[in-house]
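Residue numbers are given in the working numbering: position 951 of the sequence shown equals residue 952, and the series is strictly consecutive. Down below is the structure, laid out as structure tokens.
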Amino acid sequence: MAFVPHSSSVGQRWRLFCLSLVLAVTAALLGAPAATAEVQHPRQQWMRESTAGLFLHWGMFTAPRHTDCATWEHDVTAGGWSPDYWVDEARKLDASYIVLATFHSRLGYARPWPSKIPGSCSTDRDFLGELVNAGKAKGIKVMLYMTDDPQWHNEVAGVRTLDSDAYSAYKGEKVDLTTREGFGRFSYDQFFEVMENYPDLAGFWIDNDNEYWESHQLYEQIRAKRPSWLLTNNNEDTPIMDTVSNEQKTGMTPAYDYPSAAFTPMPRISEGDYKLPTSGDWWYDGKDHPVDFRLSTGRYITNAGSSMKSLMAETAMVNGRFPPSQQAYNDFMAGWTAPIRSSLEGTEGGGYMYGGMQPGFWNDGAHGVITVGPGAVTQYVHVVTRPRTDMVRLRDNGYRATRVTDVRTGKDVAFSQSGGYLTILDIADWDPYDTVFKVETDGRQHSYYPQKSLRATASSAADGHPGGAVVDGSDGNYWDSDGRLPASVTIDLGNLRRATLLAVNQREWSPTHARSTFGRPEDSARIKDYAVSASDDGRHWRTVRAGALPSARGVQLIDIGEQKARYLKLDVRNTWAGPQAPDFFGRLRIDEIKVAYGAPVSGSAQVPLEAESRRNDRDGAVRASACGACSGSARLVGFGGGSRNSVTFHDVTAAEAGNYRLQLDHTAGAAASLSVRVNGAAAIDVPVPAGNPDVPGSTAVSVPLTAGANTVEVFSTASRGPGLDRIAVGPLPPTSYVPKTTMTVEPHGLQWVGAGQQSVQVTAELRLDADDALDGVRLAPKAPAGWTVEGGPATTSSLRLGQTLKARWTLLSPPGADVTPTTVPVTAEFLTLGTPHTVTQNVGIRPRPADRVFMREAEDSRNRLGTAGLTGCSPCSGGEKVRNIGGSAAADVLFPDVTVDRAGTYPLFIDYTVNGDRSFLVSVDGGAPVEAAVSGIGNSTPQTTSVPVTLTAGSHTIRVYNDRKSAPDLDRLSLGQP
2 MAFVPHSSSV
12 GQRWRLFCLS
22 LVLAVTAALL
32 GAPAATAEVQ
42 HPRQQWMRES
52 TAGLFLHWGM
62 FTAPRHTDCA
72 TWEHDVTAGG
82 WSPDYWVDEA
92 RKLDASYIVL
102 ATFHSRLGYA
112 RPWPSKIPGS
122 CSTDRDFLGE
132 LVNAGKAKGI
142 KVMLYMTDDP
152 QWHNEVAGVR
162 TLDSDAYSAY
172 KGEKVDLTTR
182 EGFGRFSYDQ
192 FFEVMENYPD
202 LAGFWIDNDN
212 EYWESHQLYE
222 QIRAKRPSWL
232 LTNNNEDTPI
242 MDTVSNEQKT
252 GMTPAYDYPS
262 AAFTPMPRIS
272 EGDYKLPTSG
282 DWWYDGKDHP
292 VDFRLSTGRY
302 ITNAGSSMKS
312 LMAETAMVNG
322 RFPPSQQAYN
332 DFMAGWTAPI
342 RSSLEGTEGG
352 GYMYGGMQPG
362 FWNDGAHGVI
372 TVGPGAVTQY
382 VHVVTRPRTD
392 MVRLRDNGYR
402 ATRVTDVRTG
412 KDVAFSQSGG
422 YLTILDIADW
432 DPYDTVFKVE
442 TDGRQHSYYP
452 QKSLRATASS
462 AADGHPGGAV
472 VDGSDGNYWD
482 SDGRLPASVT
492 IDLGNLRRAT
502 LLAVNQREWS
512 PTHARSTFGR
522 PEDSARIKDY
532 AVSASDDGRH
542 WRTVRAGALP
552 SARGVQLIDI
562 GEQKARYLKL
572 DVRNTWAGPQ
582 APDFFGRLRI
592 DEIKVAYGAP
602 VSGSAQVPLE
612 AESRRNDRDG
622 AVRASACGAC
632 SGSARLVGFG
642 GGSRNSVTFH
652 DVTAAEAGNY
662 RLQLDHTAGA
672 AASLSVRVNG
682 AAAIDVPVPA
692 GNPDVPGSTA
702 VSVPLTAGAN
712 TVEVFSTASR
722 GPGLDRIAVG
732 PLPPTSYVPK
742 TTMTVEPHGL
752 QWVGAGQQSV
762 QVTAELRLDA
772 DDALDGVRLA
782 PKAPAGWTVE
792 GGPATTSSLR
802 LGQTLKARWT
812 LLSPPGADVT
822 PTTVPVTAEF
832 LTLGTPHTVT
842 QNVGIRPRPA
852 DRVFMREAED
862 SRNRLGTAGL
872 TGCSPCSGGE
882 KVRNIGGSAA
892 ADVLFPDVTV
902 DRAGTYPLFI
912 DYTVNGDRSF
922 LVSVDGGAPV
932 EAAVSGIGNS
942 TPQTTSVPVT
952 LTAGSHTIRV
962 YNDRKSAPDL
972 DRLSLGQP
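In structure tokens, the structure reads:
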């Protein structure tokens, strides 16, 4: 067996010095309480001021893989490695810091610095020291990555990357570095050596905690010895750490919206660490993987819009240079960020605790974020996905704009502001990745009552988090409903006052994206269904608005029309979180609620196609009426009774003939309809749902337009029609666009059934998650050949945000025969602006092997996963497994209804994947656990082990867990013949 040697001999005096240092610091800290979160501290200032960092995974196993430390060091030097190259590339990315990941479990545990502590590769040349010095000379901080994990020590056959014998000799006692405790001791010593030798290092980036570190108060000792250094932890919110890093989140909508998968409320520093290459490993694997400029720039900007740092991982080759695709991206970024640097440096994310307009989805498919300068006086609108039209329209959150300029060109841009919206008009200079507008304001939220003038109480509250926190003006405090829903918070305005809007900042403590790839399909603790009521006396209430809020970050604005009341009550009926996310299900937290009594009006330009515009022709009783929440602060009313009461828009232009999206912004206290006639053709009926009569809603239809000018006539055949605020015309979304939905089908996971005819109960729910509309919705399973379905399809004419369609069916297999492998598709069909779409999930049914009396997938919807989660696993049974089992009592998998027909001792077969040495604990009906210890490499190859379990005839519950240590991933359980 080959060993990867370290380059420095062991010095007895050095060992004694390190030992005495550790003992001295430990003695000073023993008995001290565990550190609590230092959310804000002066040492963090440089990180708070940064936009980005450069993450470098580079070590002995960088391709071409080296298995000898000295040879790797030689090849690095001979290849021309230079620390200035990395520092200069970081500056191209506007990165303020570099994280060097070489002491990494997949890179040979290499230490590119001289070390007197044996145990893994250590170089004679001080690459780390050279990098720290080069960074210091050019204003770039360097942090050092440290791993907690020995499990990859034998990844390469015949290569021993961890030398327990050498380290044991150094310590004077037997220490096995391949165990977590032994590796914890070894790496613990590294921390102290590095702290002693590299005082100009900026801190440690820690890839999860090691039990030995925690039990020996490592982090507290780092704080004592290097109080200016930062500590970052990966995917965990460890209180003593300065930064929470969120690793490689994918699957969001839009794909670049990284913060929607994060879970850390401001002002805690958070970081998104992600790979710039779109494929391949975190380290160089010998290939020049492409970089998606659209995805990468989008992540960079949206992270800045949430005060989140972008830690971009690039794959340095052995000589330190980057592959051509990454080099090209760095060169591009050096020029691309320069003109918009003022919008990224010295700013915070807008729409959160720092103030600012509303980020997220805007008009006509647009999406973007806000960054704000101090006091939100200067705000930047970052349009990352451009709209299908030439204007951007977003909620102003009470800020009055005085000037709008294009940051890249410096040109003034026309704008209009009314009804709670800022509309930036006639945009011609679109950047392909981020069009940035500078919006100058006076920093005040006009027509918002001061928080100190309000009082609030709640229907329930957790200790220390009362309802009054929502109006205390401090985002450090929040209301927690104490795990109770429905829940309500009542705001006392002090006396009868005008009220038009609630601005709600929920706590940003859970993801808003349904991260099914991380095993949490519904973990957004954001408000879903709500109602707002008003009262003069606190006893008699009238509902003024009801609906659903999107699962979205940033401020959410609820228009309530023109109200005069003393009390306003927000009833929260539920959140977007589901029961499979127990950390968030049924839990509600709100930072602040502000109350507005009007909306700012500014700008000399006019929004196109306002209904009340004098350019339009009005017929019959149609007339203008004041509407504070409407664009232009007015609308048209008097519709109803047919086309004699109508408005006609002229010069509705289209660049070319075709079908276009026509949006009608309407007001309606009761359900009604509008009719649209284009160029004198047959009218199109447009249903209008009930809402607040003073708050505009939107409905869109597809209409044919000719090239050039068109006329659009709007009327209502209802006896009393809705009001009309404005219309908007733009291209249809691409046919590939499907509004975001959540389709839940149970049972989930392969269903293993016995011999003979079988029946399977199937339920399905379709939920619309986007602020769009689905029309003509149908939900039904398709029976395989020979199977029958009991129960008809579920249908509805339309679905809007948060609404659901549910159904249940019984599937019967062919009589007189055993089940063969079968897949049952459950399909939702619907129209979006006339374009048909489908969403399908399959129920897989398989015959249970004859030598098994029970078989169930770990991911089966009948199981309870605790805080564990699902993940894809293509070689696993059913293509999924359960991950993140163990480490706490809550991270378990509970298999209920495990039924056998006779008593006996049964072999319980456990299908799993694992990397390293781990174990399951298995308990039946709450009894004493049996340990199943397993070992493996790679965590991607399913294996099987078994333990005996004693069962009585009947139903049982089997729990798979490990309340102390991380367990393997679980694929499936089955019982053999007794």
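Beta carbons are placed, not taken as given, at the ideal position from N, Cα and C, and that holds for glycine.
On the CB-based measure, 16 or more other CB atoms within 10 Å of its CB, does Asn496 come out buried or exposed? exposed
Which residues in the same chain have their Cβ closer than 7 Å to the Cβ of Asn680, if we skip the five residues on either side of it in sequence? Thr707, Asn711, Thr712
In this structure, does DSSP put Trp230 in helix, strand or coil? coil
When DSSP labels each residue in this structure, what does Ser297 get in the three-state scheme? helix
Take Phe187 and list the residues in its own chain whose beta-carbon comes closer than 6 Å to its own, dropping the five residues that flank it on each side. Gly120, Tyr168, Leu178
So, do the region 852-862 and the region 744-760 have three or more beta carbon pairs nearer to each other than 8 Å? yes
If we require 3 or more residues per run, which beta strand (DSSP E) segments fall completely within the region 468-511? 488-507
Go through its chain and collect everything with a Cβ distance to Leu558's Cβ below 8 Å, but skip five positions before and after it. Gln359, Arg396, Asn398, Gly421, Leu502, Leu503, Ala504, Val505
Given this structure, state the Cα-to-Cα distance separating His486 from Asp85, to the nearest angstrom. What sits at residue 486 in the sequence shown is Leu, not His. About 56 Å.
Using C-beta distances below 8 Å, list every residue in its chain close to Glu194, excluding the 5 sequence neighbours before and after it, in chain order. Cys19, Ser116, Lys117, Ile118
Apply the 10 Å Cβ neighbour rule to Arg645 and answer buried if 16 or more other Cβ atoms are within range, or exposed otherwise. exposed
Does DSSP put Gly130 in a helix, in a strand, or in coil? helix
Touch test, the region 328-345 against the region 258-271, Cβ-Cβ under 8 Å, three pairs minimum: no
Meets three-Cβ-pair contact criterion under 8 Å: the region 125-136 and the region 68-82: yes
Alpha carbon to alpha carbon, how far is Ala829 from Arg768? 10 Å
Candidates Ile846, Leu57, Gly185, of which the one nearest Pro151 by Cα: Gly185
Could you give the residue range of the beta strand (DSSP E) that holds His838? 836-848
Three-state secondary structure (DSSP) at Ile428? coil
With distances taken from CA atoms, which of Ser875, Phe896, Leu871, His957 is nearest Arg884? Leu871
Counting only runs of 3+ residues fully inside the region 593-635, write out the beta strand (DSSP E) ranges in chain order. 618-620, 624-627
Identified DSSP bridge partners for His957: Val899
Sort out for me which residues DSSP pairs Trp542 with in a bridge. Ser536
Tell me Pro705's beta-bridge partners as DSSP assigns them. Asn660
Same chain, Cβ closer than 6 Å to Gly374, neighbours up to 5 away in sequence not counted: Thr348
Go through its chain and collect everything with a Cβ distance to Pro794's Cβ below 8 Å, but skip five positions before and after it. Arg779, Leu780, Ala781, Ala808
Residue of Thr796, Gly474, Ser699, Leu494 minimising C-alpha distance to Ala774: Ser699
My assumption, with CB atoms under 8 Å, is that Ile270 sits in contact with Gln45. Please give the rounded CB distance. 6 Å
Mapping DSSP to helix, strand and coil, what is Leu22? Note on Leu22: pLDDT 43, under 50, position unreliable in the model; no value is reported.
Do Pro930 and Tyr984 have their beta-carbon atoms positioned less than 9 Å apart in this structure? With the chain represented from 2 up to 979, any question about residue 984 goes unanswered, as that position is not in the structure.
Outcome for Asp530 when other beta-carbon atoms lying within 10 angstroms are tallied against a minimum of 16: buried
As assigned by DSSP and simplified to three states, the class of Glu1009: An answer regarding residue 1009 cannot be provided, because it is not within the stretch 2 to 979 covered by the chain.
Within 10 Å of its beta-carbon, does Gln564 have 16 or more other beta-carbons around it, so buried, or fewer, so exposed? buried
Just to confirm the assignment, what range does the beta strand (DSSP E) spanning Met147 have? 142-148
Considering only their Cβ atoms, is the gap separating Leu231 from Met309 smaller than 9 Å? no
Would you identify the three-state DSSP class for Lys882, choosing helix, strand or coil? strand
Please confirm whether Gln191 and Met147 have their CB atoms less than 9 Å apart. yes
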